[in-house]
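Here the sequence shown stands for residues 1 to 285, numbered as in UniProt numbering.
For every residue, glycine included, the Cβ atom is placed at its ideal position computed from N, Cα and C.
Beneath this line is the structure, given in structure tokens, with notes to follow.
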Amino acid sequence: MVFATQSYSQETVNTIKYNYNAFYDGNNTALVNHNATLNYKQKLSNSRITYTGTFNAYNFEYTGTNMPFTTVGIENINSLELDIMYSQNISNNWSATAAIAPTVVADFGNILTSKDVYLGFFAGANYITSDKKSSLNFGVGYKGYFGKYRLLPIINFSKKVNEKLSYTLGIPATSLTYNINQKHRIKSEIAVDGFYSKIRGDNYFYTSGGGQDTEFKINALQMVMVTGGIEYNYISSESWIASFKVGHNIYSSLDAIDDQDNEHEISFNNDINISVGFIYNINFN
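Below, the structure is given as structure tokens:
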């Protein structure tokens, strides 16, 4: 069983969010990720529609001295996703949820084709307790959290224990949050990130064996990463939240996929990661 994405289960406010994430390893492949997200929720009489736009820029630095592949064209991978989620109230506690999430994943250095577009979706139900302190969301989704897009059974649970403590079980993030006071907040988090991108151009992966080199055409690049860390939030006002996070990679993989759909591992064992960012709450009233 896997857990659901937070965006399908929790209240989404109107926000702009940006994070700069750096994953360091002096002996292998390093990564810098820029993430920007915009949320907007439209409330209707007995339902609501949430629009979420997400942009990710993944910049790889292949630091090995004898990399067994050509890196031109696979150093920068970008993704742009538009998530449209519709929730219909069924009763005081229950609601039905459906979402579509078309996503473009490519190096953006070439003309985009239909192979660069992936259509994610989610369909399920949500239960919220009468005191609004706990919620359970379940259903089925088609997403690319683990590289290639695949169909996943989904369940997600979140709970507000008291005014200071709350937690969320889900993907892409499972977290435990403690509010020190109105200005300071600490969060412990485990999060997953990944992509699958088609590669065009003259990119090859070379392997040695049997006394001769073998050459494979790289057709796609796939990354899967699970990180754990501690995040600090400073709440400067009702509109602005600043964040700083330091963590360690629990699991990471980066694979070049050839024209026979075989995976060739690229050294990607990042040790530590650092993230800084902000959240701006938009008031449309």
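query	result
Contacting residues, own chain, Cβ-Cβ under 7 Å from ASN269 (five flanking each side not counted)	ASP25, ASN28, SER252
C-alpha gap between ALA220 and GLY228, whole angstroms	27 Å
Proximity of ASP259 and LYS198 at Cβ, strictly below 7 Å	no
Anticipated Cβ contact below 8 Å, ALA99 with PHE121, distance rounded	6 Å
With 16 other Cβ atoms within 10 Å as the buried cut-off, status of TYR8	With a pLDDT of only 43 at TYR8, under the threshold of 50, the placement of this residue in the model should not be trusted; the figure read from the coordinates follows. TYR8 should be labelled buried.
Where ASP258 falls: helix, strand or coil (DSSP)	strand
Proximity of ASP213 and TYR204 at Cβ, strictly below 7 Å	no
Touch test, the region 172–189 against the region 48–55, Cβ-Cβ under 8 Å, three pairs minimum	no
Alpha carbon of ILE274 to alpha carbon of ASN14, nearest angstrom	26 Å
Whole-angstrom distance between ASN56 and ASN110, CA atom to CA atom	17 Å
Selection from TYR149, LEU165, SER135, SER79 that minimises the alpha carbon distance to PHE157	SER135
Proximity below 7 Å, CB of VAL224 to CB of GLY247	no
Per-residue burial, VAL161 [other beta carbons within 10 Å of its own, 16 or more giving buried]	exposed
Under the three-state DSSP convention, the category LYS159 falls into	strand
For THR54 and ASP116, the rounded distance between their alpha carbons	16 Å
Close beta carbons around PHE278, own chain, < 8 Å, minus the five adjacent residues each side	LYS17, TYR18, TRP240, ILE241, ALA242, SER243
Closest by C-alpha distance to ILE77, when choosing among ASN262, ILE266, PRO102, TYR196	TYR196
Beta-carbon gap between GLY139 and GLY124 smaller than 7 Å	yes
Helix, strand or coil at GLN10 [DSSP, three-state]	Because GLN10 sits at a pLDDT of 41, beneath the cut-off of 50, its placement in the model cannot be relied upon, and the point is left open.
Of the residues ASN126, GLU61, TYR280, the one placed nearest ILE154, counting alpha carbons only	ASN126
THR129 classed as buried or exposed, judged by whether at least 16 other C-beta atoms fall within 10 angstroms	exposed
Residues that DSSP places opposite MET67 in a beta bridge	MET67 pairs with nothing; no bridge assigned.
Secondary structure of ASP116, DSSP reduced to three states	helix
Buried/exposed call for VAL192, threshold 16 Cβ in 10 Å	buried
Among ASN59, PHE69, PHE146, PHE23, nearest to ASP202 - alpha-carbon criterion	PHE69
Coarse secondary structure for ILE235, derived from DSSP in three states	strand
Spatially closest choice to LYS132 from ARG200, THR63, TRP94, GLU61, by CA coordinates	TRP94
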